[in-house]
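Down below is the structure, laid out as structure tokens.
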Amino acid sequence: MHRTAVPQSLPEFLAAQLGRIERSNQLRRRRGFSAMDGPRLRDAAGRDLRLFCSNDYLGLAAHPQLRAAWAQGVARYGVGSTSSQYINGHSCEISAFEEELAAYLGYPRALLFGSGYLVNTGVIDAFVGKQDHIISDALNHASLIDGCRLSGARVQRYAHADLAAAAAALAACGAAGQRMLISDGVFSMDGDVADLPGLAALAAAHQAWLMVDDAHGLGVLGPQGRGSFAAQGLGVEQVPVLTGTLGKSFGVYGAFVAGSADLIEYLAQVTRSVIFTTALPPALVASLRVALSLVQQADEARAHLQGLIAHFRAGLAALGLPDTGSQTPIQPLLVGSEEAALALSAALLERGFWVTAIRPPTVPPGTCRLRITLSAAHARTDVEDLLQALQQIMR
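First residue of the sequence shown: 232, per this note's numbering; consecutive thereafter.
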């Protein structure tokens with residue numbers, strides 16, 4: 232954050248900082264919506280738009296079975312959990328979901344959290360401190376970056392996806408302290424997949440603990456959508472600390488950490504971001520249990536999604552637009568500057584497409600983009616219409 236040598240009043244400080252943000256074209260505004268049904272929504276201005284920036288990869292957020300499960304849960308439990316899991320908030324729905332999720336992932340146990348930010352900051356803090364070392368991919372999600380900072384550990388960020396750089400950073404840690412090697416499974420802004428076998432081998436060679444956040448791989452990749460780790464043939468032995476979120480492919484909300492029985496028991500005893508927060512409402516968790524069943528049975532939806540990804544990438548190539556090579560639903564369209572990203576987003580909005588411009592600090596300077604995301608709820612014609620709109624704008 233920008234600092235000044237001379238103390239300022241609070242109004243002066245706020246005016247200066249907001250002016251700086253606006254001048255850099257990094258001012259963020261929340262765009263409201265009044266109705267949504269899968270990849271279609273109505274914004275606050277009353278425009279009907281097609282959504283190409285959500286993380287609802289399997290199109291489950293509007294699924295009738297999830298709506299029914301939530302409504303039935305509200306009728307049975309009410310709308311809130313009313314307390315922490317360690318007071319009276321640990322419903323039978325949470326217990327059942329944790330067991331079912333662990334079995335699905337192939338891990339001994341899982342622990343449910345309120346959000347991906349809470350799980351990543353809490354888990355990292357529970358494992359390492361000032362005398363320990365973290366080796367972290369340079370493009371890891373902000374929740375992982377903040378977890379590293381909050382832990383107080385010595386953090387070394389290695390060049391994105393560079394195993395040699397990660398190995399050098401691990402070798403430089405010295406003999407003292409624990410070592411954590413941390414990576415996204417699927418990187419949220421580029422859509423590329425980490426070399427998890429390579430990272431697992433490095434962790435084993437350097438006595439480090441590997442932690443993988445598979446928020447964007449879960450539901451999409453691997454057998455039954457079990458994630459990027461499963462797609463690469465790994466499990467709890469190679470990835471002892473696995474985190475993920477439940478508001479993307481699962482279409483609901485929440486997050487988890489999975490690991491050995493002792494690892495989860497330890498985290499349940501010490502992780503502040505699960506102990507000192509209100510538990511997820513039982514009705515919501517009841518819908519998560521249904522979502523888990525639907526995700527496991529979604530091979531047809533995953534196949535349709537992969538078809539859309541291939542069709543979109545082929546369309547980009549035909550238009551002469553840059554293709555990052557992503558084989559996941561995250562299809563970034565790099566444009567460079569803040570101004571260009573905002574202009575392209577606005578032009579698409581005029582044509583009925585909601586695609587958010589992504590700018591620093593979310594991505595490095597000079598790499599502003601539209602983060603286009605595809606969903607199994609999209610039809611092939613939706614993708615073709617988006618490509619046609621891009622062609623018209625680029626002319």
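Backbone N, C-alpha and C define an ideal beta-carbon position, used for all residues, glycine too.
Between which two residues does the beta strand (DSSP E) harbouring residue i extend?
| i | result |
| --- | --- |
| Thr-474 | 472-476 |
| Phe-344 | 340-344 |
| Val-488 | 486-490 |
| Ile-366 | 364-368 |
Could you work out which residue in the options is closest to residue i when comparing CA atoms only?
| i | options | result |
| --- | --- | --- |
| Ala-334 | Ala-400, Gly-490 and Val-305 | Gly-490 |
| Thr-604 | Leu-427, Ala-390 and His-447 | His-447 |
| Gly-347 | Pro-242, Ser-240 and Leu-473 | Leu-473 |
| Tyr-389 | Ala-402, Ala-436 and Ala-435 | Ala-402 |
| Leu-564 | Met-625, Ile-506 and Gln-528 | Met-625 |
| Arg-457 | Arg-261, Asp-530 and Thr-509 | Asp-530 |
| Val-483 | Arg-410, Ala-299, Arg-273 and Cys-379 | Ala-299 |
| Ala-510 | Asp-554, Leu-519 and Gly-485 | Gly-485 |
| Ala-434 | Pro-471, Met-267 and Leu-280 | Pro-471 |
| Lys-479 | Arg-273, Pro-428 and Cys-284 | Cys-284 |
| Gln-409 | Leu-441, His-535 and Leu-601 | Leu-441 |
| Phe-481 | Leu-523, Gly-551, Gly-383 and Cys-379 | Leu-523 |
| Ser-557 | His-437, Asp-421 and His-391 | Asp-421 |
| Ala-588 | Asn-256, Leu-449, Val-451 and Arg-533 | Asn-256 |
| Met-267 | Ala-292, Arg-260 and Gly-250 | Ala-292 |
| Gly-360 | Asn-351, Leu-349, Leu-381 and Leu-550 | Leu-381 |
| Ala-532 | Gln-455, Phe-244 and Ala-276 | Gln-455 |
| Glu-468 | Leu-477, Gly-453, Val-443 and Leu-579 | Val-443 |
| Leu-349 | Val-505, Val-424, Ala-492 and Ala-327 | Val-505 |
| Glu-581 | Asp-279, Glu-615, Ser-568 and Ile-376 | Asp-279 |
| Ala-574 | Ala-549, Leu-601, Arg-271 and His-535 | Leu-601 |
| Asn-351 | Cys-379, Asp-363 and Ala-499 | Cys-379 |
| Arg-503 | Ala-276, Gly-475, Gly-345 and Ala-620 | Gly-345 |
Would you identify the three-state DSSP class for residue i, choosing helix, strand or coil?
| i | result |
| --- | --- |
| Tyr-389 | strand |
| Asp-287 | coil |
| Thr-313 | coil |
| Arg-380 | helix |
| Ala-425 | coil |
| Gln-562 | strand |
| Ala-406 | coil |
| Arg-281 | strand |
| Thr-612 | helix |
| Ala-436 | helix |
| Ala-572 | helix |
| Phe-584 | strand |
| Val-483 | coil |
| Ala-499 | helix |
| Ala-396 | helix |
| Leu-449 | coil |
| Asp-554 | coil |
| Ala-578 | helix |
| Phe-418 | coil |
| Ala-292 | coil |
Taking 7 Å as the cut-off, does the CB of residue i come closer than this to any heavy atom belonging to the ligand GTP?
| i | result |
| --- | --- |
| Met-442 | This structure does not include the ligand GTP; it has no bound ligands of any sort. |
Could you pull the start and end residues of the alpha helix (DSSP H) that residue i belongs to?
| i | result |
| --- | --- |
| His-535 | 530-550 |
| Leu-258 | Where Leu-258 is concerned, there is no enclosing alpha helix (DSSP H), given that its DSSP letter is neither H nor E. |
| Arg-626 | Unbroken run through Arg-626: none, as it is neither H nor E. |
| Leu-272 | From DSSP, Leu-272 is part of no alpha helix (DSSP H) but of the beta strand (DSSP E) over 271-274. |
| Arg-307 | 295-308 |
| Phe-264 | From DSSP, Phe-264 is part of no alpha helix (DSSP H) but of the beta strand (DSSP E) over 264-268. |
| Thr-352 | 347-358 |
| Val-467 | Run containing Val-467: none; DSSP gives neither H nor E here. |
| Ser-606 | No alpha helix (DSSP H) holds Ser-606; DSSP gives it neither H nor E. |
| Gln-239 | Element bounds for Gln-239: n/a, residue is neither H nor E. |
| Phe-204 | Absent from the model: residue 204. The displayed extent of the chain is 232 to 626, so no value can be given. |
| Val-526 | 513-527 |
For residue i, which residues does DSSP report across the bridge?
| i | result |
| --- | --- |
| Cys-599 | Gly-567 |
| Met-442 | Ile-413 and Val-472 |
| Gly-456 | Partner(s): none; Gly-456 has no beta bridge. |
| Ile-318 | Its beta-bridge partners do not exist; DSSP assigns none. |
| Ala-507 | Strictly speaking, residue 507 in this sequence is Phe, with Ala absent from that position. In DSSP, Phe-507 forms no bridge with anything. |
| Ile-589 | Arg-600 |
Could you check whether the stretch 363-380 touches the stretch 405-415, counting it as contact only if at least three pairs of C-beta atoms, one from each stretch, sit closer than 8 Å?
yes
Any contact of the stretch 338-353 with the stretch 526-541, i.e. 3+ C-beta pairs under 8 Å?
no
Kindly confirm or deny that the stretch 606-618 and the stretch 306-326 touch, where touching means at least three C-beta pairs closer than 8 Å.
no
Spell out a yes or no on whether the stretch 313-324 and the stretch 505-523 are touching, meaning 3 or more CB-CB pairs, one atom from each, closer than 8 Å.
yes
Does the stretch 358-368 come close enough to the stretch 577-587 that 3 or more CB-CB pairs lie under 8 Å?
no
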